Amino acid sequence: MTEPTKFLLGEDAIPTHWVNLLADLPGDPLPPLNPQTKEPAGPGDLTAIFPMALIEQEVAATPEVEIPADVREAYKLWRPTPLYRARRLERALETPARIYYKYEGGSPAGSHKPNTAVAQAWANAQAGIGKLTTETGAGQWGSALAFACRLFGLECEVFMVGSSYDQKPYRRSMMETWGATVHRSPSDRTQSGRANASHPTGSLGIAISEAVEVAAQDDGTNYALGSVLNHVLLHQTVIGQESIAQMELAGDRPDVVIGCVGGGSNFAGLAYPWLRHGGPARFVAAEPAACPTLTKGVYAYDFGDTAGLTPLMPMYTLGHEFVPPPVHAGGLRYHGDAPSLCALVKAGRIEARAYRQNETFEAALQFARTEGIIPAPEPAHAIRAVLEEAQAAREAGEERVILFGLCGHGHFDLGAYDAYLSGRLEDPEFGEDELRTALDHLPEGAPAIA
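Residue numbers (the working numbering): 42 to 491.
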C-alpha cells in the first residue's frame, strides 16, 4: 500500500469544546474601551447587538468552552474536514519539506466561515432574535451566515463590500439562494453608507458600520461578525483541534504553521490549538501588501469599523478610515486585526509577512496545477509563504514539516484568475504616505499602547 494522501476522522472526533487562548496571552490583557468614556467596555456595551451567550464567550477566562450539542450536530454536515499531504506539490518543488494542508472548502459555503456562523446563529435563535445583519468582503462570511440563518429560521441581511459585490456576483446569488437579502456597500440605506458614498469600492470597515447601524436600531435584530472578536476566533478552533489529531495519524508534527490573515479567524482557528498544544513550532501569518495591517500598521486603540460605532480595540491598525484598494482577496481587506492575534505578533510569537497580489496568484496556480484544488485568493497568501518555507528547506538540505490552512476554494474567484492569466492583475502596495494619512484620524483620548 502507498502512503496515504488524506487523513480523515469520523464524526465522533468533532471537538466537544472550543479552545480559548485568552488566558495564555502574553502580558496583561488590554480591554476594549467604550468609545465615549474611554473606560473598559463591559457586557452592557455589547447587549444592543449581541446575545448574552456570545458576550459571555467573548470575555470567557476558562481555557475551554463547551460546544452546544445542536451546534455539533450541524457541524456534522461538513466536519471533520480532511487533512491532506501535498505530495505532488512537494515533488514539484523538489523539497525535503513535508507539506500538509487542512482543507475547509468542503463546507456548504465553501470556506471555514460556517464554523462560527452556525454557532452565532444558534445562540441568537436561542435568545429569541429573529434577524441578523452582517458585512461580508469576498462573500465567504455572508454566504456562511445566510446558510446558518436558514438552518435556525432567522432572517439575514448582508452588506457586501462594493468591489467584491461587482467582482463576485455569484456569491451574492449563493446568499440569496439561502434566503438572505444582500446590499452593495456603501449603500444609501444607512447613514454610515451615505457618509462614505465617495468610496464606491467600499471596505469591510464601512460594511461593518452599516450592519451595526441597522442592528442597533431594532430590538429584534442582532449583528454577527465573521472575524476579529474573541468569540469568533474561539469557534474556529475546531480546525486546529482536528488537525492535531490528524497530524498524529500522519506520525508528524509541524515545524511551522501558516495561515492567511485578514481579521484573524482562519489563522487563529488553525494556530491557537497548536499554540496551546506547545512545542517549538513557528507561526507565520500571511497578509496582502495592499492592506499590510500586521507588517506596517501601528499598535494602537482603534475602532473596528469606519463610522466609529464599535468599541475601541487594541490592535495593529492602518486607521479605521483607510479604504484598501480593490484587490481580489476581499476577505483580507480590513484595516485592523483580532486583538489576541495582534498581541501575539507584538510579543514575537507570530511572524507576519506581506505578499503582492501577482505573487500570490502565481503560488495559487502552482498549487492548483499540482494538488488540483483551486484556492481562494485569501489562502493563496498562505501558499506563497509555504513555497518560501519549502524553498528554504531545499536550500538548507533539511527536513521541515509545514502545516497550512486552505480555508476555502476559489470557484467564485475565477474572474481574478482570468485577470492573472491574461496579465491584467494589478499589484497595489501600501506606502508610507498612505500610512501617515490613514493614522491621522486615530481616535483621540485613547491611551497609548505602542
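Glycine residues also receive a C-beta, built at the ideal position from the N, C-alpha and C atoms. Being a predicted model, the structure only gives us computed values, none of them experimental.
In summary, Lys47 is exposed, with fewer than 16 beta-carbon neighbours lying within 10 Å of its beta-carbon over all protein chains present. Per the DSSP secondary-structure output, Met201 pairs in a beta bridge with Thr177 and Arg225.
Beta-bridge partners assigned by DSSP to Ala395: Glu328. Contact check for His153 against Cys332 fails: the beta carbons are separated by 7 Å or more. Annotated three-state conformation of Trp219 is coil, per DSSP. DSSP places Trp59 in the uninterrupted beta strand (DSSP E) bounded by His58 to Val60. For Arg374, the three-state secondary structure derived from DSSP is coil. Assigned with DSSP and collapsed to three states, Ala341 falls in strand.
Between Val106 and Gln282, the beta carbon gap of about 12 Å keeps them out of contact (Cβ cut-off 8 Å).
In the three-state DSSP reduction, Gly300 falls in the strand class (E or B). When secondary structure is reduced to three states using DSSP, Leu74 falls in the strand class.
Excluding the 5 residues flanking it on each side, Pro469 has same chain C-beta neighbours closer than 6 Å at Ala331 and Pro366, in chain order. Closest in C-alpha terms to Ala388, from the list Arg410, Pro67, Gly464 and Tyr264, comes Pro67. Burial state of Leu455 is exposed, judged by a 10 Å Cβ sphere holding fewer than 16 other Cβ atoms. In this structure, the alpha-carbon of Gly464 lies about 42 Å from that of Ala256. Bounds of the beta strand (DSSP E) holding Asn263 are Thr262 to Tyr264.
In this structure, the CA atom of Ala487 is about 23 Å from the CA atom of Ser233. In this structure, Leu444 sits near Tyr141, with a CB-CB distance shorter than 7 Å. Taking 7 Å as the cut-off, the beta carbon of Val269 is found no closer than this to the beta carbon of Leu350.
Exposure of Ile490 is indicated by the presence of fewer than 16 other C-beta atoms within 10 angstroms of its C-beta.
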